[in-house]
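Residue numbers (this note's numbering), protein chains in the order written: chain A, 1 to 419; chain B, 1001 to 1171.
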Amino acid sequence: MIERPLTKNIDMTRPPLAIADYESNDGYQSIRNIAKGMSPSDVLQKTKDSGLKGRGGAGFPTGLKWSFVPQGDDTPKQKYFVVNADEMEPGTFKDRLLMEGDPHLLLEGIIIGSFAIQADTAYIFLRGEYKVAEQRLKKAISEAYDKGLLGENILNTGFNLDIIVHTSAGRYICGEETALLNALEGKRANPRSKPPFPQVSGLWGKPTIVNNVETVCNLPGIFTYGIDWYQSLTKGKDHGTKLFGISGKVKNPGCWELPLGITIRELLEEHGGGMQDGLELRGFLPGGGSTDFMLPEHLDLKFDYDDIAQAGSRLATGTMILLDDKTCPVGMIGNLMRFFAHESCGFCTPCRDGLPWVVAIFDEFCKGQGTRKDLEILHEHVEYMGPGRTFCALAPGATAPLGSGLRYFSEDFEKLIKD
Amino acid sequence: MSENLIASTASKARRLTDEEIHEIEHEMELYPDKRAVGLEALKIVQKHQGWVSDESMLAISKFLEIPVSDLESVATFFNLVYRQPVGENVILFCNSVSCWVMGCESMRSHINEELGIDFGQTSEDGKFTFLPVPCLGDCDKAPVMMVGDDLHRNLTQEKINDIILSYKERK
């Protein structure tokens, strides 16, 4: 049985599989299965039934998202499928692995998703800095065209699809799906007001689905090996495998494909090799820079959507960043605040003005010059920049490590107050 | 603004090279309208010219029929579009959280000492421009940085010395 559907072909010591080798390892089998007679609504239903949830951060059910795309003769014929490959969440390095390691898997998933919503054009919105991924994706796309898996009348289904790689030029906010769409249209990448949601009015006003790379890479397995197989992969409530990563001071930092529902301790100790000698774990961000801190007491929780949420945080990207006992939590959170302040698009006031204010206060704390009033202001900003107060999720994302950090590491802040 | 002033500003546009035009036209086939090609055009021009001058901005604006103010709002938004000259090699130095935990600040000081430049500056010999970049997505190999298109991982002071030397020796 295939246990690592996302990474089974990945070996970073060699180039990715060319299409012939990829196909001989069940590659593009899902497209052949669909071409035997599945309708777009069959594909949509099966994706819903699989229980797949988005792997980009929000964890929204993928099939449900697709179902909001209007279908039928009285809806816009032009629809778009967009892959969010603008990986820039601090501490997140999983989509790079998938695209550099097995680009055909992503293309196969794109064909499935595009067919489900009947999009004849798909864009991969790729980080400009991911030069190796760009080159490997473009090579794989050209191989897929040569084999008739892209282009017109794919495998005699009457379905046409072009995949275009768009390389961006920096800015974290482009990972927000409506900002991404503005960027793709050649506009300044401020987020859009929702509703309308992209599923109804997205790229150039047409119905559009934006899915994360890892989400899309889950699709080929579901349509090759079936739902029973997919649902047998997990060790928890949510289905499938997940790429989990660890960065920070462990013995063996890295990224591994593992069943959802393994314990955090298993990830940290068996895969990460435990903390480096002489260091203790003080806390960790479970899924990138915009998740709440968790503590060593949470290590026996399962790494899935529900358990992490119970501890007040989010699974999000599944890539952990560790805080050890020799690293200053105030400095670490200050670094995150600087990141978010720099990456604010500047459109709404709490984010544009709040984050630099927070950064200025962290600078004072890091010099041991904090004041009680400053500490109050930091606490207030957790509210002022929180969910519902801003135009998009950037500043609320920043309040996750800020609020939880103030709560869990209050002594460290106290120590940096002058006098 | 008078029409004369607009015309005299537009006349400052440089002439795009055949190669630039060819590459921009190729991108135009991939999108349903010209505006969408704005960022691609900026990147193409930067690839050939090293940076995007006012004269280049005006040229792209004219070629794609996009108001130059719209193009500027895109150009100034993105980290990787350079609106002033940069050195032969741009160092994109990751200073996000994982690299910070793994000691990137001391690597930054080391580069600062070796090249005499900090973020936003270009070395006197014009070989290097030093810029921070948001998380480069290679966090298990932190600290990391890019020089030009190449990624360098698990940085140490010795490694940085070797990297700097290898780019200095390149023609």
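Yeah, the Cβ is synthetic: ideal placement off N, Cα and C, and Gly gets one too.
In this text the structure is predicted, and so the values were computed from the model without any measurement.
Chain-ordered neighbours of residue i on chain B, where CB pairs are closer than 7 Å
i	result
residue 201 of chain A	The premise fails here: residue 201 of chain A is roughly 15 Å from chain B at the closest Cβ pair, so nothing lies under 7 Å.
residue 169 of chain A	1039, 1043, 1078, 1079, 1080 and 1081
residue 7 of chain A	Under the 7 Å cutoff, chain B gives no residues; its nearest Cβ is about 14 Å from residue 7 of chain A.
Coil, strand or helix - residue i by DSSP
i	result
residue 1138 of chain B	coil
residue 1020 of chain B	helix
residue 372 of chain A	helix
residue 970 of chain B	What the structure shows of chain B is the stretch from 1001 to 1171, and residue 970 of chain B is not part of that stretch, so it cannot be assessed.
residue 115 of chain A	helix
residue 160 of chain A	coil
residue 405 of chain A	helix
residue 180 of chain A	helix
residue 22 of chain A	helix
residue 89 of chain A	coil
residue 252 of chain A	coil
residue 1157 of chain B	helix
residue 295 of chain A	coil
residue 152 of chain A	coil
residue 1144 of chain B	coil
residue 70 of chain A	coil
residue 385 of chain A	coil
residue 1076 of chain B	coil
residue 257 of chain A	strand
residue 45 of chain A	helix
residue 101 of chain A	helix
residue 55 of chain A	coil
Interface flag, residue i vs chain A, CB-CB below 8 Å
i	result
residue 1067 of chain B	no
residue 1036 of chain B	yes
residue 1100 of chain B	yes
residue 1143 of chain B	no
residue 1134 of chain B	yes
residue 1149 of chain B	yes
residue 1155 of chain B	no
is_contact[residue i, chain B] using C-beta, thresh 8 Å
i	result
residue 462 of chain A	Summary: the structure shown does not reach residue 462 of chain A, with chain A confined to residues 1 through 419, and so no result is reported for it.
residue 116 of chain A	no
residue 80 of chain A	no
residue 396 of chain A	no
residue 321 of chain A	yes
residue 172 of chain A	yes
residue 289 of chain A	yes
residue 294 of chain A	no
residue 317 of chain A	no
residue 335 of chain A	yes
residue 96 of chain A	yes
residue 13 of chain A	no
residue 143 of chain A	no
Under 9 Å from the C-beta of residue i: neighbouring residues of chain B
i	result
residue 361 of chain A	Chain B residues near residue 361 of chain A: none, gap ~18 Å exceeds 9 Å.
residue 245 of chain A	1139 and 1140
residue 339 of chain A	1095, 1096, 1097, 1134 and 1135
residue 87 of chain A	1135 and 1137
residue 456 of chain A	Residue 456 of chain A lies beyond the stretch modelled for chain A, which goes from 1 to 419, so this question has no answer here.
residue 332 of chain A	1097, 1100 and 1101
Contacts that residue i makes with chain A (C-beta to C-beta distance below 9 Å)
i	result
residue 1146 of chain B	129 and 131
Chain-ordered chain A contacts of residue i [CB-CB under 8 Å]
i	result
residue 1056 of chain B	In chain order: nothing, as chain A lies at least about 15 Å away.
residue 1032 of chain B	204
residue 1092 of chain B	129
Closer than 7 Å at the beta carbon, the chain A residues around residue i
i	result
residue 1073 of chain B	188
Chain B residues whose Cβ lies nearer than 8 Å to that of residue i
i	result
residue 92 of chain A	1135, 1137 and 1139
residue 249 of chain A	1101 and 1102
residue 255 of chain A	1140
residue 4 of chain A	None at all; the shortest Cβ gap to chain B is about 18 Å.
Residue i: CB within 7 Å of a non-hydrogen atom of the ligand NAP
i	result
residue 413 of chain A	Absence of the ligand NAP is noted for the structure shown, with no ligands found whatsoever.
Residue-chain proximity (residue i, chain E), Cβ-Cβ < 8 Å
i	result
residue 184 of chain A	Of the chains in the structure shown, none is chain E; the protein chains are A and B.
Would the stretch 1076-1088 of chain B and the stretch 1126-1142 of chain B be scored as touching if the rule is three or more Cβ pairs under 8 Å? yes
Write down every uninterrupted run of the alpha helix (DSSP H) in the stretch 122-150 of chain A whose length is 4 residues or greater and which is fully enclosed by it, in chain order. 131-146
Secondary structure, alpha helix (DSSP H): runs of 4+ residues fully inside the stretch 199-250 of chain A: 213-225 and 227-232
With contact counted as at least three CB pairs below 8 Å, one residue from each stretch, are the stretch 137-152 of chain A and the stretch 183-190 of chain A in contact? no
Does the stretch 247-267 of chain A touch the stretch 375-389 of chain A, meaning 3 or more C-beta pairs lie closer than 8 Å? no
Indicate whether the contact test is met: 3 or more Cβ pairs, each with one atom in the stretch 1049-1067 of chain B and one in the stretch 1008-1018 of chain B, closer than 8 Å. yes
Counting pairs of beta carbons, one from the stretch 196-208 of chain A and one from the stretch 223-240 of chain A, are three or more of them closer than 8 Å? no
Please confirm if the stretch 278-295 of chain A is in contact with the stretch 313-322 of chain A, defined as three or more CB-CB distances below 8 Å between the two stretches. yes
Along the chain, which unbroken stretches of the alpha helix (DSSP H) at least 4 residues long are found entirely within the stretch 1082-1107 of chain B? 1097-1101
Any contact between the stretch 41-49 of chain A and the stretch 163-176 of chain A? By contact I mean 3 or more CB pairs, one from each, below 8 Å. no
Should the stretch 88-101 of chain A be regarded as contacting the stretch 2-22 of chain A, the criterion being three or more beta carbon pairs within less than 8 Å? yes
Under 8 Å, with one C-beta from each stretch per pair, do the stretch 346-360 of chain A and the stretch 264-278 of chain A reach the 3-pair mark? no
Count Cβ pairs between the stretch 209-224 of chain A and the stretch 28-44 of chain A that sit closer than 8 Å; are there 3 or more? yes
Measuring CB atoms only, is the stretch 326-342 of chain A touching the stretch 1085-1097 of chain B, in the sense that at least three cross pairs come out at less than 8 Å? yes
Counting pairs of beta carbons, one from the stretch 117-126 of chain A and one from the stretch 72-83 of chain A, are three or more of them closer than 8 Å? yes
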